[in-house]
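Input: a single structure, listed below in structure tokens.
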Amino acid sequence: MSALRLVLASLWYHRRIQGAAACGVAVATAVVVGALVVGDSMRASLRRVTYERLGRIDEALVADRFFRGELAEAASATAGPAGTAAPVILLRVSLETAGPRPPRRANQVNLIGCDQRFWAFWNAGASHRPGDRQIVLNRVLADDLGVAEGDELLLRLPRPSAIPAESALGRRTDTVLTQRAVVREVIGTEGVGRFALEASQREPRNAYVDLGWLQDRLGEPGRVNAILAAGTKLAEAAENGSSETTRAGTPRGEAASDTSGPASTAPGLAPQRPGMGPPLWRPLPEDYGLRIEPAGQGYINITSDRLVLDPAAEREIRRALAALGDFRVQPAFVYLAITLALGKHTIPYSTIAAVDFAAEPPLGPMCGVDGKPIPPLAHDEIALNSWAAEDLQAKPGDRIQVAYFEPESTGGVVRQRWAEFRLAAIVALQGAAADPAFTPEVPGLTDRRSIASWDPPFPFDATRVRVKDEAYWNRYRGTPKAFVSLATGQKLWGSRFGQVTSLRVAPLPGWTAEKLARRLALDPTRMGLVFQPVKKQGLAASAGTTDFEFLFLGFSFFLLVSSGMLVVLLFRLGVVQRARELGILLAIGFTRRQAMRVLVAEGLLVAATGGLVGVVLGIGYAALVVWGLQTIWLGAIATPFLRLAWAPQS
Numbered sequence: 014m015s016a017l018r019l020v021l022a023s024l025w026y027h028r029r030i031q032g033a034a035a036c037g038v039a040v041a042t043a044v045v046v047g048a049l050v051v052g053d054s055m056r057a058s059l060r061r062v063t064y065e066r067l068g069r070i071d072e073a074l075v076a077d078r079f080f081r082g083e084l085a086e087a088a089s090a091t092a093g094p095a096g097t098a099a100p101v102i103l104l105r106v107s108l109e110t111a112g113p114r115p116p117r118r119a120n121q122v123n124l125i126g127c128d129q130r131f132w133a134f135w136n137a138g139a140s141h142r143p144g145d146r147q148i149v150l151n152r153v154l155a156d157d158l159g160v161a162e163g164d165e166l167l168l169r170l171p172r173p174s175a176i177p178a179e180s181a182l183g184r185r186t187d188t189v190l191t192q193r194a195v196v197r198e199v200i201g202t203e204g205v206g207r208f209a210l211e212a213s214q215r216e217p218r219n220a221y222v223d224l225g226w227l228q229d230r231l232g233e234p235g236r237v238n239a240i241l242a243a244g245t246k247l248a249e250a251a252e253n254g255s256s257e258t259t260r261a262g263t264p265r266g267e268a269a270s271d272t273s274g275p276a277s278t279a280p281g282l283a284p285q286r287p288g289m290g291p292p293l294w295r296p297l298p299e300d301y302g303l304r305i306e307p308a309g310q311g312y313i314n315i316t317s318d319r320l321v322l323d324p325a326a327e328r329e330i331r332r333a334l335a336a337l338g339d340f341r342v343q344p345a346f347v348y349l350a351i352t353l354a355l356g357k358h359t360i361p362y363s364t365i366a367a368v369d370f371a372a373e374p375p376l377g378p379m380c381g382v383d384g385k386p387i388p389p390l391a392h393d394e395i396a397l398n399s400w401a402a403e404d405l406q407a408k409p410g411d412r413i414q415v416a417y418f419e420p421e422s423t424g425g426v427v428r429q430r431w432a433e434f435r436l437a438a439i440v441a442l443q444g445a446a447a448d449p450a451f452t453p454e455v456p457g458l459t460d461r462r463s464i465a466s467w468d469p470p471f472p473f474d475a476t477r478v479r480v481k482d483e484a485y486w487n488r489y490r491g492t493p494k495a496f497v498s499l500a501t502g503q504k505l506w507g508s509r510f511g512q513v514t515s516l517r518v519a520p521l522p523g524w525t526a527e528k529l530a531r532r533l534a535l536d537p538t539r540m541g542l543v544f545q546p547v548k549k550q551g552l553a554a555s556a557g558t559t560d561f562e563f564l565f566l567g568f569s570f571f572l573l574v575s576s577g578m579l580v581v582l583l584f585r586l587g588v589v590q591r592a593r594e595l596g597i598l599l600a601i602g603f604t605r606r607q608a609m610r611v612l613v614a615e616g617l618l619v620a621a622t623g624g625l626v627g628v629v630l631g632i633g634y635a636a637l638v639v640w641g642l643q644t645i646w647l648g649a650i651a652t653p654f655l656r657l658a659w660a661p662q663s
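And the structure:
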């Protein structure tokens, strides 16, 4: 009898105990395979969701301000024909049903203002694109609202404001715009209907409107707050600091002369000389909300549409200026004094400038009524211009009280505070002191013809405004009536939003505001316009920090240990029951090694058979777990995104 025939005959004779052992192996294998397949399914499903929600999008820039939509063209131009970019507006809004039936509302809805370039990331045709006053909803949002095609919705949009609502001049009321829109189409919650930049398996509630229509409604024509890009490597360039505009600014050797040669073909590209390779992506100062304008006194004024320059922007502007040349820079911080008072005499609603007086034009000097320059003020000193001093009947040495609102409001409540200063000097209202450019543009205040017509976000009593106050406003506009040191102003009125309202730059010979705006190389990363590799991040997140296989193996730990112990016991029992058979084999001439080979061969065949059966059972077990997570245990994963999948290497 051959060895193979002996092994097969022995297996058949002991089929009960060997079958039990094979079942034990099958159970143990099924547990391991099931855990591995469930882990593969989780990982593959998360990857599928990433590709589904992003389409061909590789990188995204999402800003907390609006900037020119032409920057999308500049972004795609950096990658040549292979690159494409879409300007979009991304907002969180609320939607409410309109009509006679009881209203239903959905809050925290993702509103995407887009054009055909956005839909092309998913190869979606123009048929999905909404027109004016039309809106496209994904299925999960439409179900929440209970609407279908042709229904009308109320779209509540946040009113754009560059000035933070928590600041003293930020608006805390009238911050919502309401628009009507008709549901054009309800699309599925897959592909473009699942668009989201955040890595999450939850189905987003998305609404899509036409980009141009949304820009008109927001009063931001041609401007967006996000760029979605495919085929570009702007995030990698920012991380590596490979472009000269991203890290080093303009080299000093080129600071004094304009770049020669043709300009780039797309707005927002840094000028390049022939042979220098692909153009560099560089936003303009206006994309950061900066205004670089000539002032009547001969200096260049740098201000922000947010009223104050945030600390990071101030540092970057100073760095970029230093890279261009030895500019003299004078920071100024202008604030609104609710009251200037000396005894019973008061002046309402006056601008007060915190600035360290400069000695040379065009930033100075500040001269007294005697024509002599005024030295820098101490921390407890104030200077009044001649108009204010005459109105208050003040003289040097008097104690001047200043009422102002706290720079940050809490819970929408604006609180008033008082500070007292010693009048150190009276400034002649001429030269550097007669400068309305001290005060940055504030919508609702500086754009009004009279103080009485102000539309401020703070408590305002128009009855306090006198004829002489209106006359001063008509002639001098926002020219400060009082001055304190920069350190004092920053201590009293500085906030997390910033401590400077303007940087006043004394130009070098040959420099104009236009030239400075063109040559000022600001780092987009430091200024808040940063591309993020969203697809790369999403795929990394889909891998997870925890191995899903070991996680599910842990869930099945006791079953796995029990199956292993059962297999060991069954094999041991089989050997014990065959002790007499082994003795007979040894008695008829089998060596101990030959007898062991027979037992090992039987065990391997039993284990192989059980393992093959276990693989099939494991896949079935995984399918059952996935089905359970999609249905009865849906709360564990929030949304039914799982699909059965496995990788050969598992």
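Residue numbers (this note's numbering): 14 to 663.
For every residue, glycine included, the Cβ atom is placed at its ideal position computed from N, Cα and C.
1. Buried or exposed: where does residue 197 fall if 16 or more other Cβ atoms within 10 Å of its Cβ makes it buried?
2. Excluding the five sequence neighbours on either side, which residues of its own chain have a C-beta within less than 6 Å of the C-beta of residue 35, listed in chain order?
3. Where does residue 188 sit, in a helix, a strand or coil, going by DSSP?
4. Could you pull the DSSP bridge partners for residue 112 from this structure?
5. Helix, strand or coil: which one does DSSP assign to residue 640?
6. According to DSSP, simplified to helix, strand and coil, what is residue 91?
7. By Cβ distance below 6 Å, which residues in the same chain neighbour residue 69 in space, the five residues on each side in sequence not counted?
8. Are the Cβ atoms of residue 294 and residue 97 separated by less than 8 Å?
9. For residue 213, write down the residues that DSSP places opposite it in a beta bridge.
10. Can you give me the Cβ contacts of residue 302 inside the same chain, cut-off strictly under 7 Å, excluding the 5 residues immediately before and after it?
11. By the three-class DSSP mapping on this structure, what secondary structure does residue 455 have?
12. To the nearest angstrom, how far is the alpha carbon of residue 470 from that of residue 182?
13. Where DSSP assigns a beta bridge to residue 512, which residues make up the other side?
14. Check this for me: beta carbons of residue 347 and residue 452, under 8 Å apart or not?
15. With residue 170 and residue 108 assumed to form a contact (beta carbons below 8 Å), what rounded beta-carbon distance in angstroms separates them?
16. Should residue 644 be labelled buried (16 or more other beta-carbon atoms within 10 Å of its own) or exposed?
17. Label residue 269 either buried or exposed according to how many other C-beta atoms from any shown protein chain fall within 10 Å of its C-beta, with 16 as the threshold for buried.
18. Terminal residues of the continuous beta strand (DSSP E) containing residue 363?
19. Leaving out the 5 sequence neighbours to the left and right, which residues in its chain are closer than 8 Å to residue 180 when beta-carbon positions are compared?
20. Considering just the uninterrupted stretch of the beta strand (DSSP E) at residue 417, what are its terminal residues?
21. In whole angstroms, give me the CA-to-CA distance for residue 30 and residue 642.
22. Is the number of C-beta pairs between the segment 108-118 and the segment 78-87 that are closer than 8 Å three or more?
23. Answer yes if the segment 397-413 comes into contact with the segment 366-377, meaning at least three C-beta pairs across the two stretches below 8 Å, and no otherwise.
24. In three-state DSSP terms, what is residue 447?
25. Buried or exposed for residue 482, going by 16 or more other Cβ atoms inside 10 Å?
26. Does the distance from the C-beta atom of residue 410 to that of residue 428 stay below 8 Å?
27. In this structure, how does DSSP classify residue 634 when only helix, strand and coil are distinguished?
28. Measure the CB-CB distance between residue 547 and residue 168 and report whether it falls below 8 Å.
29. Might you give, ordered along the chain, the residues of its own chain that have their beta carbon closer than 7 Å to the beta carbon of residue 407, omitting 5 neighbours on each side?
30. Take the Cβ of residue 48 as the centre, count every other Cβ of all protein chains shown within 10 Å, and call the residue buried at 16 or more, exposed below.
31. Please name the residue or residues paired with residue 121 in a DSSP beta bridge.
32. Rounded to whole angstroms, what's the CA-CA distance from residue 206 to residue 498? Just pull it up for me.
33. How long is the line joining the alpha carbons of residue 479 and residue 366, rounded to whole angstroms?
34. Would you say the segment 535-547 touches the segment 48-57, given that touching needs at least three Cβ pairs under 8 Å?
35. Let me know the secondary structure DSSP gives residue 348 once reduced to three states.
36. Checking the sheet assignment: what are the DSSP bridge partners for residue 146?
Reading it off the structure:
1. buried
2. 619, 622, 623
3. coil
4. None; residue 112 has no bridge partner.
5. helix
6. coil
7. 134, 243
8. no
9. DSSP lists no partner for residue 213.
10. 78, 175, 317, 318, 319
11. coil
12. 6 Å
13. Paired residue(s): none; residue 512 is not in a bridge.
14. yes
15. With 8 Å as the limit, residue 170 and residue 108 do not qualify as a contact, their Cβ atoms being about 10 Å apart.
16. exposed
17. For residue 269, the pLDDT reaches just 39, beneath the cut-off of 50, and the residue's location in the model is therefore unreliable, leaving the point undetermined.
18. 358-368
19. 320, 321, 420, 421, 422, 508, 510
20. 412-418
21. 36 Å
22. no
23. no
24. coil
25. buried
26. no
27. helix
28. no
29. 355, 397, 413, 436
30. buried
31. Note: residue 121 sits in no beta bridge, so no partner.
32. 56 Å
33. 22 Å
34. no
35. strand
36. The partner list for residue 146 (beta bridge, DSSP) is empty, contrary to what the question assumes.
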